[in-house]
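Numbers in the working numbering are just positions in the sequence shown, counted from 1, shifted up by 188.
Worksheet: one structure, shown below.
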Amino acid sequence: MRKGYTTGTCAAAAAKAAAMALRESGIRGKESREITVEITLPKGKGVSLKALIKEVAEDYAVASVIKDAGDDPDVTDGVEIVAKVVVLKSEVRSQKSEGKEGVIIKGGRGVGIATKAGLQVPVGASAINPVPRMMIKEAVKEVLGDKPVEVTIEVPEGEEIAKKTFNPRLGISGGISIIGTTGIVEPMSLEALKATIRCEIDVAVEESGGRSQQRGVIYLAPGKIGEETLKNLFGDIRVVQMSNFIGEALEYARTKGIERVTLGGHPGKLAKILMGYYDTHSRNSPQATGFVAEYLGVKGEFNTVEEIIMQISHSSPAQERKFSELAKDIAEKIGREFGFSHIEIFLFDMKKNLIGDGRWNG
Numbered sequence: 189m190r191k192g193y194t195t196g197t198c199a200a201a202a203a204k205a206a207a208m209a210l211r212e213s214g215i216r217g218k219e220s221r222e223i224t225v226e227i228t229l230p231k232g233k234g235v236s237l238k239a240l241i242k243e244v245a246e247d248y249a250v251a252s253v254i255k256d257a258g259d260d261p262d263v264t265d266g267v268e269i270v271a272k273v274v275v276l277k278s279e280v281r282s283q284k285s286e287g288k289e290g291v292i293i294k295g296g297r298g299v300g301i302a303t304k305a306g307l308q309v310p311v312g313a314s315a316i317n318p319v320p321r322m323m324i325k326e327a328v329k330e331v332l333g334d335k336p337v338e339v340t341i342e343v344p345e346g347e348e349i350a351k352k353t354f355n356p357r358l359g360i361s362g363g364i365s366i367i368g369t370t371g372i373v374e375p376m377s378l379e380a381l382k383a384t385i386r387c388e389i390d391v392a393v394e395e396s397g398g399r400s401q402q403r404g405v406i407y408l409a410p411g412k413i414g415e416e417t418l419k420n421l422f423g424d425i426r427v428v429q430m431s432n433f434i435g436e437a438l439e440y441a442r443t444k445g446i447e448r449v450t451l452g453g454h455p456g457k458l459a460k461i462l463m464g465y466y467d468t469h470s471r472n473s474p475q476a477t478g479f480v481a482e483y484l485g486v487k488g489e490f491n492t493v494e495e496i497i498m499q500i501s502h503s504s505p506a507q508e509r510k511f512s513e514l515a516k517d518i519a520e521k522i523g524r525e526f527g528f529s530h531i532e533i534f535l536f537d538m539k540k541n542l543i544g545d546g547r548w549n550g
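Right under this line is the structure:
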């Protein structure tokens, strides 16, 4: 299936295109023209995207990229992401605390604002996540060097599209988020994805049979955070990314004769198992925030499970141990319902820190 590009990659490409237009000082005006932009993804791979130069003036330029989500059923597929790059004058730069960084990044129309703690950006900041910020900054500096500039990212349809996402419930108001950790959108076609998961489990089963220390063990994670953190714990292992299809993956692993399962992920995802949901997609299961707060006995109003983690991290060791109790209960529920002989659960926060682990033996 065809892969696509994240909103972060598209924003970086639009910003680079605007920077390139600024560098070409002889071209001015609002006559649109298309160019090809090369962007380096976080892991070093280069990709080419089409960008439209929309306007060029002496001290600013505007460009846009149409997001291509590939074969992923993404609500942001086909959306226009616009970047305006403005060269800062010295007197303006001195008034901006971020001016020393060379590239200031802001969100404009259609980019959400964080209104709650526990997200990847501070309260009051534009919802442009850390990796996209880095990509935008590097893309612009590649063209303009250390010239001080301000980059404003806009998504004209963002406010309307955001209503179809979880952003309003997460505490991001006014638009979509500019996100992406790898720069690439992996296709999420349901049947194709399930087939891919089954295929990867098949490979993992074969590999575990050839390694005495891993025989009969399979490692599962919903996504990249879980995969990377499990590898940090266990070294060079194959981790099957099961997306939201936890039940599908566990049932298939059981039919393949697997007896031992190690599963790692964020408690906001894995706690849904205790709630009775093995398909953890937001369309098919509620948020786990309220459940986790009640389970841990934490008082207060929380927007995300990450916010609960942040509060507990400043509490007593006894409170911190409650995440291990949560992990143990998740392990027991999986073990009893699927008949595995041994289950290990590792819980991580969004910064890939281990916050709890638990085991169950049948």
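Virtual Cβ for every residue (Gly too), placed ideally from N, Cα, C.
Model, not experiment: these values are computed from the prediction.
8 Å or more divides the Cβ of Ala200 from the Cβ of Ala315. In the DSSP assignment, Tyr483 falls within the alpha helix (DSSP H) that extends over Thr477 to Leu484.
Taken through DSSP and simplified to helix, strand or coil, Lys352 comes out as coil. Relative to the Cα of Lys352, the nearest Cα in the group Leu237, Val263, Thr450 and Gly523 belongs to Val263. Here the C-alpha atom of Lys539 lies approximately 22 Å from the C-alpha atom of Glu374. Annotation for Gly192: Asp256, Ala257, Gly258, Asp260 and Val373 place their beta carbon closer than 6 Å to its own, counting only its chain and skipping 5 residues before and after. When C-beta atoms of the segment 321–337 are compared with those of the segment 224–237, three or more pairs fall below 8 Å, so the two segments count as touching. Each residue's CA atom was taken as its position, placing Val480 and Ala305 some 16 Å apart. DSSP places Ala251 in the strand class (E or B) of the three-state scheme. Assignment of Asn549 by DSSP, reduced to helix, strand and coil, places it in the strand class. Residue range Lys412 to Phe422 is occupied by the alpha helix (DSSP H) that includes Phe422. Per DSSP, the beta bridge partners of Leu240 are Glu222 and Ser252. Ser365 sits buried, since 16 or more C-beta atoms from the chains shown fall within 10 Å of its C-beta. Annotated three-state conformation of Tyr440 is helix, per DSSP. Secondary structure of Lys457 (DSSP, three-state): helix. Around the beta-carbon of His454, 16 or more other beta-carbon atoms lie within 10 Å, marking it buried. Sixteen is the threshold: since fewer than 16 other Cβ atoms of the shown chains lie within 10 Å of the Cβ of Glu219, the residue is exposed.
In the DSSP assignment, Glu268 falls within the unbroken beta strand (DSSP E) covering Glu268 to Val275.
For the pair Gly544 and Glu416, the Cα-to-Cα distance works out to about 16 Å. Here Ile367 is not bridged, per DSSP, to any residue. Ile531 has Val449 and Trp548 as its beta-bridge partners, per DSSP. Gly346 carries a helical assignment under DSSP once its states are collapsed to helix, strand and coil.
Annotated three-state conformation of Val263 is coil, per DSSP. By the CB criterion at 8 Å, Ala251 and Ile341 fall outside the cutoff. Taking the C-beta atoms as reference points, Ala459 is found nearer than 8 Å to Leu514. By the CB criterion at 8 Å, Val428 and Ala392 fall inside the cutoff. If you look at Gln429, you'll find it in the beta strand (DSSP E) that goes Val427 to Gln429. The alpha-carbon of Thr303 is positioned some 40 Å away from that of Ile389. Shown here for Gly546: same chain residues with a beta carbon closer than 6 Å to its own, the five before and five after excluded, namely Ser512, Ala515, Lys516, Ala519 and Ile533 in chain order.
Residue Ile434 holds the alpha-carbon nearest to the alpha-carbon of Gly411 among Ile434, Gly423 and Val405.
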